[in-house]
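Trainee: Quick one: the structure is below, questions incoming.
In the numbering used here, the protein residues as written are 1 to 556.
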């Protein structure tokens, strides 16, 4: 992984970064001038006739003030730029996550994706706006201090110049374990997030089985491992830099001590000695910075690799393909086979036709492939062999957004978000009229309970619709699908949350909502089968017809 790829994230802000770098370079120039002026001031204090102390003192104060102002200016420029880069990277990554096919997330923990969005993106942005931008001024400080020391006293400066590569090599060796530790830390962080998210989602089950202590222990083990790894990484980063800085300072002091005879003999003037001391003190900061840069570089390599791995995943093509304005709604499976990775064949040579405007009921045991058929229609998956046709056109030739726009889905596990009923129902079509909204609510027979709520359709329903009953959530999901007015409707166990009386009422009310649409109804419940024109059963990946057009009365 080439770290130069990090630079492309800063390209849109190259002007801001260049300005911050300019501030830092001028600040470095001021910093390199301060020791020379300080030496002149020290010489003047000893021999006032040699120099105007007031002038030199004012110049020194001015240089320090200039350095301070430039440091603040560069810090503010980098702060705002870093936040903009963070926002850009997170937005781009999130957009790409949404573009990825559903199957991408089936084998990955949600916490890993959150970790990339947070820790990894933070690491990359901080490295770009901190370490990489400061690399040139740091190098200039190091080289400039050495050059000026060589001009003042080559015999003193040469040993220090030769020692710099030794310090950098020592830093590289000291930090070589940071990268695997950072990877382990990131993985543990992702696992902890995934567990917390999962457990909070199934909290009622945890409470009903009195598993609070066990799950708390699982989470604590991950958090404690994350703590221990964080301490190990932190120790390396905290200790190595200061230790190397101490060794560098000790080496400088040793060299200066060895030159004491030259100072006593007058061969080395006191002013030059002060300048040399100040320049030597400057050397410790860039040496320490370059040393710790190895540790941060190893950490950012892992973050960048994970970031790039996500972006390298091909997203769904939402641009190309046919865009018919309307469809009749005939769905045909032609000798379709499909198997999930690492599993036996889920579908085996399935051929099935759902005529336009008709209701097909799918039954079968769990794992028979009913949901897989739905995934194939929505192109969450593509067949291993065979074709799925819509009005005679292979759905792979259709624009993906257009295809899904023709389909309304009511899942068994209703997915609602923390917002108002109105927001949830209009999720797929926020632009529809108020009349269309109320029409969908009426068709879903959700009007009775929505009117009884404190704020009607503007009532907040809580995360995942927790303030609604199961039957109410099903009706909201149906209204959300119907507000699209789709020619194709997929209902996955739509009455699973109803009692027999509620199911009978739902079936009776659904006839009007389903009339004229192509409907695939996944159900095991006899009352719901009354909605179907045709019923088929899936068994061992094959379609087994169990009734003809008299399977149910179907919608009027």
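Even glycine gets a Cβ: it sits at the ideal position worked out from N, Cα and C. This structure is a prediction, so every number in the text was calculated from the model and none was measured.
I think residue 193 touches residue 9, with their Cβ atoms under 8 Å apart; what is that distance to the nearest whole Å?
Mentor: If you number the chain shown from 1, residue 193 lands on position 193. If you number the chain shown from 1, residue 9 lands on position 9. Contact doesn't hold; Cβ gap of about 24 Å is too wide.
Trainee: Once the 5 residues before and after residue 275 are set aside, which same chain residues still bring their CB inside 7 Å of it?
Mentor: Translated into the one-based positions of the chain shown, residue 275 becomes position 275. Contacts found: 35, 36, 38, 39 and 152.
Trainee: Which residues in the same chain as residue 542 place their Cβ atom closer than 6 Å to its Cβ, once the five residues preceding and following it in sequence are excluded?
Mentor: If you number the chain shown from 1, residue 542 lands on position 542. Contacts found: 348.
Trainee: Since residue 338 sits in a beta bridge, which residues does DSSP pair it with?
Mentor: Indexing the chain shown from 1 puts residue 338 at position 338. Looking at the DSSP assignment, residue 338 forms a beta bridge with 347.
Trainee: Can you grab the Cα-Cα spacing for the pair residue 243 / residue 250, in whole Å?
Mentor: As a first step, residue 243 is located in the chain shown; it is residue number 243 there, counting from the start. As a first step, residue 250 is located in the chain shown; it is residue number 250 there, counting from the start. Answer to the nearest angstrom: the Cα atoms are 10 Å apart.
Trainee: Excluding five sequence neighbours on each side, which residues of the same chain lie with their C-beta closer than 6 Å to the C-beta of residue 352?
Mentor: Here residue 352 is taken as the residue at index 352 of the chain shown, counted from 1. Within the same chain, residue 352 has close Cβ partners 333 and 543.
Trainee: For the alpha helix (DSSP H) holding residue 71, just list the boundary residues, first then last.
Mentor: Counting from 1 along the chain shown, the entry for residue 71 is found at position 71. Note, residue 71: alpha helix (DSSP H), 53-99.
Trainee: Starting from residue 536 and walking both ways along the alpha helix (DSSP H), at which residues does that stretch end?
Mentor: Along the chain shown, one-based indexing puts residue 536 at 536. From DSSP, residue 536 is part of no alpha helix (DSSP H) but of the beta strand (DSSP E) over 534-539.
Trainee: Mapping the DSSP letters down to three states, classify residue 362 as helix, strand or coil.
Mentor: In the chain shown, residue 362 corresponds to position 362, counting from 1. DSSP places residue 362 in strand when its eight states are reduced to three.
Trainee: Would you kindly work out how many angstroms separate the C-alpha atoms of residue 106 and residue 325, rounded to a whole number?
Mentor: Reading the chain shown from its first residue, position 106 is the one you call residue 106. Reading the chain shown from its first residue, position 325 is the one you call residue 325. Going from the Cα of residue 106 to the Cα of residue 325 covers about 33 Å.
Trainee: Measure from the alpha carbon of residue 183 to the alpha carbon of each residue in 520, 119 and 158, then state which is nearest.
Mentor: In the chain shown, counting from the first residue as 1, residue 183 sits at position 183. If we check each option's Cα against that of residue 183, 119 comes out closest.
Trainee: Please say whether residue 290 and residue 6 have beta carbons closer to each other than 8 Å?
Mentor: As a first step, residue 6 is located in the chain shown; it is residue number 6 there, counting from the start. As a first step, residue 290 is located in the chain shown; it is residue number 290 there, counting from the start. No, these two residues do not count as a Cβ contact at 8 Å.
Trainee: Starting from the Cα of residue 14, find the closest Cα among 132, 143 and 393 and give me that residue.
Mentor: Indexing the chain shown from 1 puts residue 14 at position 14. Checked all of 132, 143 and 393; the closest Cα to residue 14 is 132.
Trainee: Can you tell me where the alpha helix (DSSP H) holding residue 374 begins and where it ends?
Mentor: By 1-based counting over the chain shown, the position of residue 374 is 374. Run containing residue 374: 370-378, per the alpha helix (DSSP H) assignment.
Trainee: With a threshold of 16 other CB atoms inside 10 Å of the CB of residue 318, please say whether the residue is buried or exposed.
Mentor: Start at 1 with the first residue of the chain shown, and residue 318 comes out as number 318. With fewer than 16 other Cβ atoms within 10 Å, it is exposed.
Trainee: Would a C-beta distance cut-off of 8 Å place residue 425 and residue 437 closer than the cut-off?
Mentor: Position 425 of the chain shown, counting from 1, holds the residue named residue 425. Position 437 of the chain shown, counting from 1, holds the residue named residue 437. It is a contact, given that the beta carbons lie within the stated cut-off.
Trainee: So residue 283 and residue 142 are in contact, right, with Cβ under 8 Å, and what is the actual spacing, rounded?
Mentor: By 1-based counting over the chain shown, the position of residue 283 is 283. By 1-based counting over the chain shown, the position of residue 142 is 142. Their Cβ separation, rounded to whole angstroms, is 7 Å, which keeps residue 283 and residue 142 in contact under 8 Å.
Trainee: Quick check: what's the CA-CA separation for residue 1 versus residue 99?
Mentor: The count along the chain shown starts at 1 and reaches residue 1 at position 1. The count along the chain shown starts at 1 and reaches residue 99 at position 99. Low confidence applies to residue 1: its pLDDT is 49, below 50, so where it sits in the model is not reliable, and the reading given next is rough at best. Between residue 1 and residue 99, the C-alpha separation is close to 24 Å.
Trainee: Going by CA-CA distance only, name the one from 361, 409 and 355 that's closest to residue 375.
Mentor: The residue you call residue 375 lines up with position 375 of the chain shown. The candidate whose alpha carbon is nearest that of residue 375 is 409.
Trainee: Helix, strand or coil for residue 118, going by three-state DSSP, please let me know.
Mentor: In the chain shown, the residue the question calls residue 118 occupies position 118. Of the three classes helix, strand and coil, the one that applies to residue 118 here is helix, per DSSP.
Trainee: Does the contact criterion of 3 or more C-beta pairs under 8 Å hold for the stretch 413-433 versus the stretch 396-403?
Mentor: Too few Cβ pairs lie closer than 8 Å, so no.
Trainee: Would you list the one or two residues that DSSP bridges to residue 394?
Mentor: On the chain shown, position 394 is the one that residue 394 refers to. Partner(s): 389.
Trainee: Apart from the five residues just before and just after residue 222, which ones in its own chain have a Cβ nearer than 8 Å to its Cβ?
Mentor: By 1-based counting over the chain shown, the position of residue 222 is 222. So the list reads 188, 191, 192 and 195, once near-sequence residues are dropped.
Trainee: If you draw a straight line from the alpha carbon of residue 503 to that of residue 126, how long is it in whole angstroms?
Mentor: Locating residue 503 in the chain shown gives position 503, where the first residue counts as 1. Locating residue 126 in the chain shown gives position 126, where the first residue counts as 1. Rounded to the nearest angstrom, the two C-alpha atoms are 56 Å apart.
Trainee: Within 10 angstroms of the Cβ of residue 294, are there 16 or more other Cβ atoms? Answer buried if so, exposed if not.
Mentor: Residue numbering aside, residue 294 sits at position 294 when the chain shown is read from its first letter. Buried.
Trainee: So what's residue 319 in DSSP terms, helix, strand or just coil?
Mentor: By 1-based counting over the chain shown, the position of residue 319 is 319. Residue 319: coil per DSSP, three-state reduction.
Trainee: Can you look up residue 136 in the DSSP assignment and give me helix, strand or coil?
Mentor: Position 136 of the chain shown holds residue 136. If DSSP states are grouped into helix, strand and coil, residue 136 belongs with the helices.
Trainee: Tell me, please, which residues DSSP counts as bridged to residue 542.
Mentor: Position 542 of the chain shown, counted from the first residue, corresponds to residue 542. 539, per the DSSP bridge assignment.
Trainee: Could you check the C-alpha separation between residue 285 and residue 137 for me, to the nearest Å?
Mentor: The residue labelled residue 285 in the question sits at position 285 within the chain shown. The residue labelled residue 137 in the question sits at position 137 within the chain shown. Cα-Cα distance, rounded: 12 Å.
Trainee: Thinking just about the alpha-carbon of each residue, which of 85, 117 and 79 is nearest to the one in residue 97?
Mentor: As a first step, residue 97 is located in the chain shown; it is residue number 97 there, counting from the start. Nearest C-alpha to residue 97: 117.
Trainee: Report the three-state DSSP secondary structure of residue 216 (helix, strand or coil).
Mentor: Residue mapping note: residue 216 aligns to position 216 of the chain shown, counting from 1. DSSP places residue 216 in helix when its eight states are reduced to three.
Trainee: Give a yes or no on whether the C-beta atoms belonging to residue 383 and residue 338 are separated by under 8 Å.
Mentor: The count along the chain shown starts at 1 and reaches residue 383 at position 383. The count along the chain shown starts at 1 and reaches residue 338 at position 338. Yes. Within cutoff.
Trainee: From the beta carbon of residue 359, is the nearest beta carbon of chain B less than 8 Å away?
Mentor: The question asks about chain B, but that chain is absent: this structure has only one protein chain.
Trainee: Can we say the stretch 515-525 touches the stretch 356-368, given the rule of at least three CB pairs closer than 8 Å?
Mentor: Yes, since at least three Cβ pairs between the stretch 515-525 and the stretch 356-368 fall closer than 8 Å, the two stretches touch.
Trainee: Thinking C-alpha only, which one of 490, 468, 63 and 403 is nearest residue 449?
Mentor: The sequence position of residue 449 within the chain shown is 449, counting from 1. Ranking the options by Cα distance to residue 449, first place goes to 468.
Trainee: Assuming residue 41 and residue 66 form a contact by the criterion Cβ under 8 Å, report the distance between their Cβ atoms to the nearest whole angstrom.
Mentor: Counted from its first residue, the chain shown places residue 41 at position 41. Counted from its first residue, the chain shown places residue 66 at position 66. Wrong, their Cβ atoms sit about 16 Å apart, outside the cutoff.
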